Every structure is written in structure tokens, then in C-alpha cells.
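Here the structure is laid out as C-alpha cells; the discussion comes afterwards.
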Amino acid sequence: ILTAIVQTFLRPRLKCIDGELCLITGAGGALGRLFALEFAKEGAHLVLWDCNSAANEQTAKLARELGVQVHTYTVDLSQRHSIYDTADRVRTEVGEVSILVNNAGVVAGRRLLDCPDELLERTLLVNCHALFWMTKAFLPQMKSKNHGHIVTVASALGLFSTACVEDYCASKFGAVGFHESLTHELQAEDLDGIKTTLVCPYIVDTGMFAGCEIRKELRSVIPPLEPLYTVQQSMKAILAEQQMVCIPRLMYIPFLARALLPWDANVATYRFMGGDKCMLPFIKNTEQKTSNGHIKTA
Ligand SMILES: NC(=O)C1=CN([C@@H]2O[C@H](COP(=O)(O)OP(=O)(O)OC[C@H]3O[C@@H](n4cnc5c(N)ncnc54)[C@H](OP(=O)(O)O)[C@@H]3O)[C@@H](O)[C@H]2O)C=CC1
Ligand SMILES: CC1=C(/C=C/C(C)=C/C=C/C(C)=C/C=O)C(C)(C)CCC1
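To convert, count from 1 in the sequence shown and add 438; that's the working numbering.
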């Protein structure tokens with residue numbers, strides 16, 4: 439506890455990752471692209487994975503301008519074999535990955551009872567199951583050298599939940615459990631050269647949760663996060679080898695409240711802050727986007 443208190447107030451030493459090979463999933467997306475550029479600024483070479491080849495190539499182009507080597511792969515993270523096959527290609531074509539950023543994520547954005555089963559399943563496959571396959575593919579090389587870092591981009595909704603995002607909360611709670619168990623495993627095996635970081639952001643202004651909002655009067659107190667701020671805070675935590683980060687720090691409060699307060703007290707707080715119905719406008723948005731019957735799948 440004393441170490442944690444001291445570390446809170448001291449400026450932590452940030453590690454050097456110059457020349458390391460960093461793999462980022464969902465690199466064509468908003469946060470994935472910013473992660474790629476921040477890792478490139480630190481001198482890491484990049485392996486970028488996404489199902490959206492055009493967006494991934496655009497990230498690669500921007501990162502190459504920063505002078506690092508970049509390799510792109512088109513992969514469907516909802517397919518175990520797509521992950522294993524692409525991981526084999528990375529090992530033979532590029533080399534050993536020492537930093538893995540599991541960033542890709544999806545959400546169904548529909549009420550449970552209105553949502554096609556495949557869309558619910560996809561959230562679990564991409565946000566949770568893919569963590570197993572990615573780790574099985576890349577941890578062995580890290581273990582052989584006792585050197586590496588596995589970053590899990592989860593969510594504040596992996597620490598506490600709200601209504602109408604059952605698929606997303608289940609997958610992100612799963613991601614948090616996965617991260618914690620893996621961290622315990624590495625520590626129990628004395629593999630102190632392999633670090634892990636869990637990233638839990640509140641709403642980020644990337645469009646993924648467009649429309650999600652809390653009570654009007656509180657929106658200026660807890661505004662949606664800027665994507666760049668989110669990634670810069672995450673990078674600080676990663677380079678400081680911090681085990682977990684909530685962005686903003688205020689998100690530790692509902693996390694603690696969930697554990698400490700009676701259920702009904704949490705429900706009352708949610709109602710007061712508009713946390714109970716925050717997803718309804720977001721779901722309405724998604725319904726409008728897919729009202730022609732077209733459902734976007736990976
Ligand atoms: N935005 C937010 O409010 C928050 C986001 N997060 C988490 O941050 C992470 C990044 O989110 P954000 O940048 O906003 O999301 P984006 O949708 O912008 O980026 C996600 C990227 O992952 C890709 N992707 C989706 N499914 C697959 C798949 N099956 N295989 C390969 N790639 C896939 C997407 O491609 P395509 O666009 O083609 O689907 C997209 O390029 C996610 O894990 C999210 O859960 C956490 C807290 C808040
Ligand atoms: C429930 C709840 C809140 C709202 C949380 C929201 C709106 C979280 C959205 C998170 C997202 C979109 C994460 C994506 O990964 C408050 C008001 C903070 C506190 C009371 C409980």
C-alpha cells in the first residue's frame with residue numbers, strides 16, 4: 439500500500455521501447471490508430487492487424503512517416519484460425535512480437551431481445567475469446583525470453599455495468615478477468631520480465647458509442663474523453679508498467695461503489711446521475727443506422 443501511495447505522487451520512470459516489435463489489433467480504428475502513432479513515436483516497429491484493410495493501410499502510412507517499420511495484416515479476430523494463421527505469418531515474415539496491444543473491440547448496440555444471436559456472439563468472440571488466441575499465439579516467445587508486455591484495452595464497463603449493453607459488459611468483464619488471471623499466472627511463475635496493463639476508459643469520443651450520454655447537468659463534470667487524451671494516458675500507464683488504469687481516474691469511484699455499496703444504493707446513484715438509461719439514445723442511433731435490415735458484421 440505504501441509503495442502504491444508513493445508511486446501515485448512520484449513521477450514514474452517510463453521504460454524505453456525503442457526497437458521493440460509491437461502488435462496492435464483494431465489498428466484501423468480510432469484508438470488503434472492513435473496507439474500505433476504513439477508507439478511509433480517511442481521508436482517501436484509495428485505489426486498492425488484489422489479486418490478493415492483500407493483503414494489499416496492508412497494507419498500504416500501515417501506511422502511510416504514517423505520512420506518506423508510497419509507491417510499490416512488483414513485478419514478476422516472473431517475466427518480463431520484467422521488469428522493463429524496470421525500469427526504464424528507474423529513470426530516467419532517479421533519476427534518476435536514483444537508488445538501486444540489487444541485493442542480491437544465491437545458492440546452490438548441493440549437491446550438483447552432485439553439482437554440477432556450472431557451479433558451477440560461476435561462481441562464475445564472479438565472482445566474476449568480473441569484474447570485467449572492472441573495470448574496463446576504470442577506469449578510463448580515472450581516466456582522464452584522472460585520479456586514482453588500484454589496490454590488489454592477493456593473498458594469502464596468491464597468494472598461496473600449499465601443497462602442494455604449485456605454483450606459488451608459480459609465481454610469486457612471477461613477481458614478484465616482474463617487480464618487479472620494472466621497477471622497472477624505470470625507473477626506466480628516469477629516471470630517478472632513480462633508486464634501486463636489493463637486499460638479501462640469511460641466513453642471516448644470515437645463514434646463507437648455515439649449518443650451514449652448521462653444526465654445533462656453532469657455532462658460537463660464527466661465529459662466524453664478525447665481519443666488522443668485516452669491513448670496518451672494509456673501510454674503513460676503502459677510505459678510506467680502500471681498494472682491497471684482507469685481513464686479518467688474518477689471511474690475508480692463507480693468501480694469501488696459497485697463493490698462496497700448495497701445494490702439498491704448503486705441503483706439510486708445510477709438514476710440520479712442518468713447512468714441507468716445512458717445507452718438508450720446510443721441504441722436508438724444504431725437501430726436507425728440498421729433500419730434497412732443491414733447489420734454490419736466483421
Ligand atoms: N469508444 C469508446 O467509447 C470506448 C472504447 N473502448 C474500447 O477501445 C477499443 C477501441 O475502440 P474504438 O477505437 O473506439 O473503436 P473503433 O470501432 O474505432 O475501432 C475498432 C477497430 O477494430 C476493428 N475490428 C472490429 N472487429 C474486428 C474483427 N473481427 N477483426 C479485426 N478487426 C476488427 C474495427 O474494424 P471495423 O471498423 O471495420 O469494424 C476497427 O477498425 C475497443 O476495444 C473498445 O471496446 C473502451 C472504452 C470506451
Ligand atoms: C453507469 C454509471 C455512470 C455512467 C457510465 C457510462 C455512461 C459509461 C460508459 C462507458 C462506455 C461507453 C464504455 C465503453 O467501453 C456514471 C454516471 C459515470 C456513474 C454512475 C454509474
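Yeah, the Cβ is synthetic: ideal placement off N, Cα and C, and Gly gets one too. Computed from a predicted model, the values in this text were never measured in an experiment.
Status (buried if at least 16 other CB within 10 Å, exposed otherwise) for residue i
i    : result
K633 : buried
G731 : Caution is warranted here: a pLDDT of 47 is assigned to G731, below 50, making its placement in the model unreliable, and no coordinate value can be reported.
W487 : buried
A498 : buried
A492 : exposed
S672 : buried
K583 : exposed
H587 : buried
H622 : exposed
L448 : exposed
G631 : exposed
P639 : buried
E476 : buried
K479 : exposed
Residue i CB to nearest heavy atom of ligand 2 below 7 Å
i    : result
G467 : no
S520 : no
F647 : yes
Y749 : Here the chain covers residues 439 to 736 and nothing more, so residue 749 does not appear.
G713 : yes
S593 : yes
I439 : no
C716 : yes
C650 : yes
Near ligand 1: residue i beta-carbon under 7 Å from a heavy atom
i    : result
L515 : yes
P639 : yes
A542 : yes
S599 : no
G470 : yes
N723 : no
Beta-carbon separation (whole angstroms), residue i vs residue j, contact threshold 8 Å
i    : j    : result
V485 : Y511 : 7 Å
I537 : I455 : 7 Å
T561 : V544 : 6 Å
A542 : L515 : 5 Å
A648 : N723 : 6 Å
Open item on the list: As an exercise, report each continuous beta strand (DSSP E) stretch of at least 3 residues that is fully enclosed by the region 617–671, in chain order.
Closed with: Complete beta strand (DSSP E) runs here, min 3: 632–639.
- [ ] List in chain order: all unbroken alpha helix (DSSP H) runs of 4+ residues lying wholly within the region 667–733.
- [x] Uninterrupted alpha helix (DSSP H) stretches at least 4 residues long and entirely within the region 667–733 occur at 690–698, 701–711 and 718–727, given in chain order.
TODO: List in chain order: all unbroken alpha helix (DSSP H) runs of 4+ residues lying wholly within the region 510–536.
DONE: Fully enclosed alpha helix (DSSP H) runs of no fewer than 4 residues occupy 518–531 of the region 510–536, in order along the chain.
Open item on the list: Count Cβ pairs between the region 447–467 and the region 659–667 that sit closer than 8 Å; are there 3 or more?
Closed with: Result no; under three Cβ-Cβ pairs closer than 8 Å.
Open item on the list: Below 8 Å, how does it come out for the region 694–708 and the region 568–582: are there three or more Cβ pairs, yes or no?
Closed with: Contact between the region 694–708 and the region 568–582 is not established, with fewer than three Cβ pairs separated by less than 8 Å.
Task: beta strand (DSSP E) runs wholly inside the region 553–577, at least 3 long, in chain order - done: Segments of the beta strand (DSSP E) lying fully in the region 553–577: there are none.
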